[in-house]
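Worksheet for the structure shown next.
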Amino acid sequence: MNQFDTHEVFNQAPPFENVNLFDCDLALQEALRREGGGAAADSLHALGEKLGRAETQELARLANVHGPRLHNFDRAGKRIDEVEFHPAWHQLMTLLIEAGAHASPWDAQGAPLGGGAQVARAARYILFGQLENGSQCPVTMTFASVPALRQAPAIAARWLPKILARRYDPRSLPVAQKDGALVGMGMTEKQGGTDVRSNTTRAEPVPAAEAARLFGAEEAPGLHRVVGHKWFFSVPQSDAHLILAQSGDGEGGEVGLSCFFLPRYLPDGSRNQIRVQRLKDKLGNRSNASSEVEFTGAYAWLIGQPGRGIPTILEMGSHTRLDCVLGSAAIMRAALTHALHHARARSAFGRPLAEQPLMQNVLADLALESEAATAFALRLARCFDEGADPFQAMLARVLTPAGKYWICKRGPGFGAEAMEVMGGGGYVEDGPLARLYREFPVNSIWEGSGNVMCLDLLRALGKTPKAREALAQELALAGDANVHFNAYAAALLDDLARGAAEQSDEARQYGARLLAERIVLAVQAALLLRHAPACVGDAFALSRLAHEGGGLGGAYGRMPAGVDCRAILARALR
123 MNQFDTHEVF
133 NQAPPFENVN
143 LFDCDLALQE
153 ALRREGGGAA
163 ADSLHALGEK
173 LGRAETQELA
183 RLANVHGPRL
193 HNFDRAGKRI
203 DEVEFHPAWH
213 QLMTLLIEAG
223 AHASPWDAQG
233 APLGGGAQVA
243 RAARYILFGQ
253 LENGSQCPVT
263 MTFASVPALR
273 QAPAIAARWL
283 PKILARRYDP
293 RSLPVAQKDG
303 ALVGMGMTEK
313 QGGTDVRSNT
323 TRAEPVPAAE
333 AARLFGAEEA
343 PGLHRVVGHK
353 WFFSVPQSDA
363 HLILAQSGDG
373 EGGEVGLSCF
383 FLPRYLPDGS
393 RNQIRVQRLK
403 DKLGNRSNAS
413 SEVEFTGAYA
423 WLIGQPGRGI
433 PTILEMGSHT
443 RLDCVLGSAA
453 IMRAALTHAL
463 HHARARSAFG
473 RPLAEQPLMQ
483 NVLADLALES
493 EAATAFALRL
503 ARCFDEGADP
513 FQAMLARVLT
523 PAGKYWICKR
533 GPGFGAEAME
543 VMGGGGYVED
553 GPLARLYREF
563 PVNSIWEGSG
573 NVMCLDLLRA
583 LGKTPKAREA
593 LAQELALAGD
603 ANVHFNAYAA
613 ALLDDLARGA
623 AEQSDEARQY
633 GARLLAERIV
643 LAVQAALLLR
653 HAPACVGDAF
663 ALSRLAHEGG
673 GLGGAYGRMP
683 AGVDCRAILA
693 RALR
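Positions 123 to 696 (the working numbering) are the ones given, in order, by the sequence shown.
Here it is as structure tokens:
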């Protein structure tokens with residue numbers, strides 16, 4: 123330093139970049155293999171290297187700094203309702219689509235491939251989730267639309283080849299002229315939110331002769347005219363959306379809430395009557411466009427049976443909820459890696475942060491939470507892979523809402539703790555932690571809030587005693603070596619057996635959040651006790667399930683004595 127230099131910069135951690143995100147994650151590699159997706163390991167290694175590059179991470183920053191912009195009119199005053207994105211957004215979308223994050227579990231007809239395809243896709247999604255989360259929204263909805271669209275064979279025949287194509291095509295054109303297509307969704311309205319049965323948007327059937335005159339006889343079946351609005355209309359630039367609307371029978375009678383396929387462009391090449399009123403100014407997910415819209419006589423085609431809109435759309439909802447679990451697990455992993463990398467490189471009071479006992483307690487606690495979320499997420503993905511098996515289907519019916527509630531709910535506190543590890547450097551916008559922190563809440567809110575998920579869990583448990591049996595079989599696989607787990611699982615299963623018979627509906631609803639938490643913690647503990655090193659499984663059971671361990675609290679870093687934090691942290695980030 124010369125006499126005018128004010129200071130020397132030292133003791134600063136380098137950015138966590140140019141790291142293979144797959145190779146450094148033992149928990150993800152192991153879960154991939156055991157849940158049936160091991161054949162994808164080589165492609166995930168290549169993807170992890172690409173996503174960990176500094177230049178790829180810079181795309182995530184740029185896409186969020188330069189968010190979408192709505193243009194309602196062109197220079198001549200013609201209504202266009204186009205959304206403009208930064209080039210970084212399009213590069214991220216290209217990465218996702220070319221990797222098959224929207225399509226890889228489906229065959230050319232949209233049927234499930236099985237054989238670990240959902241598990242491999244889940245691992246792929248977790249890797250992408252460590253990079254940028256807004257671009258995952260259109261990919262998730264496109265992925266989840268496939269089972270619903272298969273209920274309308276004529277629409278599926280025309281659209282699935284474009285939806286399943288691994289070509290990202292952002293051009294605003296009729297689908298026949300495009301190389302690939304995206305599908306969004308629009309459910310909620312101003313007056314209802316979660317209560318979609320209160321929707322006021324109406325869809326009236328178009329008489330067959332008029333429909334044939336408009337678009338041809340092949341397009342006539344199921345054609346409706348839609349008038350109304352949506353308070354949240356995700357990804358308005360999508361080529362089509364699935365929406366819910368009240369429908370009539372064309373003779374003045376009411377049918378009820380139905381599901382409709384609403385394309386952006388009509389078969390004759392004209393724009394559909396979808397008016398984007400504004401883009402939402404959101405807390406997070408800022409790279410992605412969410413909008414409010416009005417339908418001023420738009421045309422849409424019926425999907426599924428009239429009046430059965432909610433069951434039809436649940437075909438889509440179960441898969442989007444899976445992605446909420448995957449997305450939260452991914453952001454946890456990203457926050458953990460940045461925090462642990464920082465703590466290893468930065469010293470305070472004479473030694474690295476990561477070697478100080480209290481910080482080790484915090485970091486190891488975060489590492490346990492992250493590994494448990496990953497293990498649960500890929501186990502849930504296997505349930506979707508093996509949905510033809512009644513046991514796996516029933517387990518998915520229970521674990522999807524429970525996991526969507528608990529794992530997503532753990533996110534914001536996790537992000538805050540990881541940010542605190544990095545101190546003021548984590549709180550500023552220069553690094554990734556602020557953006558990651560803002561991304562956590564959307565997975566709890568979107569696709570059904572926490573209360574909605576817990577009530578859905580109660581419905582799943584109430585429909586058949588086999589739901590409890592499926593859970594009991596899964597927990598039994600962990601054996602009986604851990605006394606804390608044994609007691610916790612036994613109490614949970616006893617309460618489930620008594621609950622339906624002894625509790626009122628009000629009492630069951632009142633305790634539904636605690637029940638969902640207990641179910642997920644039991645499954646996470648069972649998975650870690652079976653598959654992870656003893657230092658991980660035993661520490662999870664002791665810190666989460668054992669009464670003497672203190673149980674879960676409002677902060678991380680409360681693990682009891684005897685936990686091997688060094689071993690946990692050595693495993694957490696290679």
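Positions of the beta carbon are idealized from the N, C-alpha and C atoms, including for glycine.
The DSSP-derived three-state label of A510 is coil. In terms of Cβ geometry, G174 and E206 do not form a close pair [threshold 9 Å]. With a cutoff of 9 Å on beta-carbon distance, T262 and L217 are scored as not near each other. Look at the beta carbons and you see the segment 511-530 touching the segment 590-605: at least three pairs across the two are nearer than 8 Å. Of all C-beta pairs linking the segment 351-366 to the segment 407-420, three or more are shorter than 8 Å, placing the two stretches in contact. Judged by DSSP secondary structure, D445 falls within the alpha helix (DSSP H) whose first and last residues are 431-467. For W353, the enclosing beta strand (DSSP E) stretches over residues 345-356.
The C-beta of L282 has 16 or more other C-beta atoms within 10 Å across all chains shown, which makes the residue buried. A straight line joining the alpha-carbon of G199 with that of H193 spans about 11 Å. For V205, the enclosing beta strand (DSSP E) starts and ends at 201-206.
Sixteen is the threshold: when 16 or more other Cβ atoms of the shown chains lie within 10 Å of the Cβ of T264, as they do, the residue is buried. Around the beta carbon of T459, 16 or more other beta carbons lie within 10 angstroms, which makes this residue buried. By the CB criterion at 9 Å, L579 and L636 fall outside the cutoff.
Straight through space, the alpha carbons of N394 and L336 are spaced by roughly 13 Å.
Straight through space, the alpha carbons of D390 and K284 are spaced by roughly 18 Å. Between E326 and G372 a beta carbon distance of about 7 Å is seen, short of the 8 Å cut, so the two are scored as contacting. Three or more Cβ pairs closer than 8 Å define a contact, and the segment 150-165 meets that threshold against the segment 495-515. Proximity to F383 across A367, G375, R397 peaks at A367, based on C-alpha coordinates. Restricting attention to W528, K585, G601, M541, the CA atom closest to the CA of V574 is found in W528. Burial check for Y632: the Cβ neighbour count within 10 Å stays below 16, so the residue is exposed. Counting along the chain, H653 sits inside the alpha helix (DSSP H) bounded by residues 634-653. Per DSSP, reduced to three states, the secondary structure at N604 is coil, with no helix or strand assignment.
Proximity to A668 across A609, P260, L651, R319 peaks at A609, based on C-alpha coordinates. In the three-state scheme derived from DSSP, where H, G and I count as helix and E and B as strand, H129 is classed as coil.
Note that the C-beta distance between I365 and G314 is not below 9 Å. By a beta-carbon distance limit of 8 Å, N255 does not contact C446. Their separation comes to about 11 Å. Taking a cut-off of 8 Å for Cβ pairs, the segment 651-666 and the segment 599-606 touch, as three or more such pairs fall below it. If you draw a straight line from the Cα of C657 to the Cα of R696, it comes to about 16 Å.
Distance from D507 to G232 at the Cβ level is roughly 16 Å; contact not present, criterion being Cβ atoms closer than 8 Å.
Secondary structure at Y290: coil, using DSSP grouped into helix, strand and coil. In this structure R246 touches A221 by the C-beta definition: roughly 6 Å separates them, less than 8 Å.
Scanning I435, E340, R289 for the CA closest to the CA of L271 turns up I435.
Secondary structure within the segment 163-187: the alpha helix (DSSP H) runs of 4 or more consecutive residues, fully enclosed, are 163-173, 176-187 (chain order). Beta-bridge pairing by DSSP links V415 to K352, V398. Between R532 and L148 the beta-carbon gap is near 21 Å, outside 8 Å, which marks them as no contact.
A direct Cα-Cα distance of roughly 8 Å separates Q213 from L181.
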